[in-house]
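Accompanying notes for the structure given below.
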Amino acid sequence: MAASIFHAETDEQIAATFDVLQQLRPQLERDRYVPTIRALMGSDGLRVLALEDDGVVRAVATYRVMNMLYCGRLIYIDDLVADERVRSRGYGAQLIARIKDEAGALGCSEVQLISRVTREQAHRFYFREGFGIECFHFRTQLS
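Position one of the sequence shown corresponds to residue 102 (the working numbering), numbered consecutively onward.
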């Protein structure tokens with residue numbers, strides 16, 4: 102059976118993405134996951150894209166459509182992760198391709214994301230997928 106990609110919209114579909122997304126975001130708590138995702142969907146327009154193979158979610162992306170003064174309409178990827186047990190099978194590339202297709206259909210000028218400086222394997226993946234480093238991302242913690 103071929104892998105399928107779908108938007109996780111029902112509570113059941115969202116819950117099915119937890120185990121994979123928690124590999125990237127270990128602070129997530131199972132009992133708060135669906136309500137948290139639902140809140141972000143409602144307030145920020147978060148979308149959850151899942152890739153399922155053999156009836157199991159193997160990769161997940163969360164993203165949103167935004168408008169920025171400097172570049173116009175874009176898709177911003179918050180999270181992209183493939184299950185660590187099945188990496189290097191092309192699942193992440195399939196999600197990126199789908200997001201790029203959606204960006205084009207929505208009239209977006211680009212797709213953006215940030216990746217921690219320590220995630221060298223992810224950086225190699227993003228370079229292969231046509232992304233480039235364009236700027237520094239600064240932040241400060243507020244107490």
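Ideal Cβ positions, reconstructed from N, Cα and C, are used throughout, including at glycine.
Helix, strand or coil: how does DSSP classify residue i here?
i: Tyr227; result: helix
i: Gln213; result: strand
i: Asp65; result: Residue numbering for the chain in the displayed model covers 102 to 244; residue 65 lies beyond these limits and cannot be assessed.
i: Val157; result: strand
i: Val218; result: coil
i: Gln114; result: helix
i: Arg186; result: helix
Which two residues bound the contiguous alpha helix (DSSP H) that contains residue i?
i: Ile106; result: Looking at the DSSP string, Ile106 is not in any alpha helix (DSSP H); the run it does join, the beta strand (DSSP E), is 105 to 108.
i: Leu122; result: 119 to 125
i: Ser144; result: 131 to 145
i: Gly200; result: With the sequence shown as reference, residue 200 is identified as Ile, and Gly is not the correct amino acid for it. Here the alpha helix (DSSP H) through Ile200 covers 192 to 206.
Identify the residues that DSSP records as bridge partners of residue i: which are they?
i: Met169; result: Gly173
i: Ala162; result: Leu150, Leu181
How is the beta strand (DSSP E) around residue i delimited, first residue to last?
i: Asp154; result: 148 to 154
Verify the CB distance criterion: does residue i have a CB-CB separation below 8 Å to chain B?
i: Asn168; result: Although the question refers to chain B, the structure presented lacks it and comprises just one protein chain.
Exercise. With contact counted as at least three CB pairs below 8 Å, one residue from each stretch, are the region 119 to 136 and the region 177 to 194 in contact?
Worked result: Touching, yes, given that three or more Cβ pairs across the two stretches are closer than 8 Å.
Exercise. Contact between the region 158 to 168 and the region 196 to 213: three or more CB pairs below 8 Å?
Worked result: Yes, the region 158 to 168 is in contact with the region 196 to 213.
For this session: Count the CB pairs spanning the region 211 to 231 and the region 149 to 158 that are closer than 8 Å, and state whether there are at least three.
Result: Segments in contact, no.
For this session: May I ask you to verify whether the region 129 to 141 touches the region 185 to 194, counting CB pairs closer than 8 Å and requiring at least 3?
Result: No: fewer than three Cβ pairs fall under 8 Å.
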